[in-house]
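For any residue, its number in our numbering is found by taking its place in the sequence shown, counting from 1, and adding 744. Glycine is no exception: its CB is placed at the ideal position from the N, C-alpha and C atoms. A quick write-up on the structure given underneath.
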Amino acid sequence: MALQGRDFSLTSWARTPAGRKFSETVTKFLELVRLVPTGTFESAALLNAAANDLVKVGELKIFTPVFLVHVRKPAIAE
């Protein structure tokens, strides 16, 4: 999977659990010293949580990215 780190190559390392933790720590530090805007850490944490969840459902084979249900409320006849 693209979001799951398969090896420790330079391009894949950031997607491993250790790489995500490192990224989280660096982002928190940069926010504390005001090199990045406030809220950057929260945004990064949200994206990492979403990536972790996408990896998990991909492993379980329950994710269908193309499935869409479009519904609308029926019009009330007067």
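Just to confirm, does residue i get its C-beta within under 6 Å of one of the non-hydrogen atoms of the ligand ATP?
i	result
L754	This structure lacks the ligand ATP, and indeed carries no ligand of any kind.
Cα separation between residue i and residue j?
i	j	result
G802	A795	10 Å
L791	V770	15 Å
F811	V777	43 Å
D797	K817	31 Å
G763	S753	11 Å
Quick one, which of the options has its alpha-carbon nearest residue i's?
i	options	result
P761	P781, A793, F773	A793
Checklist entry - So does the stretch 783-794 actually touch the stretch 806-815, counting three or more Cβ pairs closer than 8 Å? => result No, they do not touch.
Checklist entry - In chain order, which beta strand (DSSP E) runs of at least 3 residues are fully inside the stretch 755-780? => result Listed in chain order, nothing qualifies, since the stretch 755-780 has no complete beta strand (DSSP E) run of 3 or more residues.
Item to check | Whole runs of the alpha helix (DSSP H) within the stretch 784-821, excluding any shorter than 4 residues | outcome: Fully enclosed alpha helix (DSSP H) runs of 4 or longer: 784-804.
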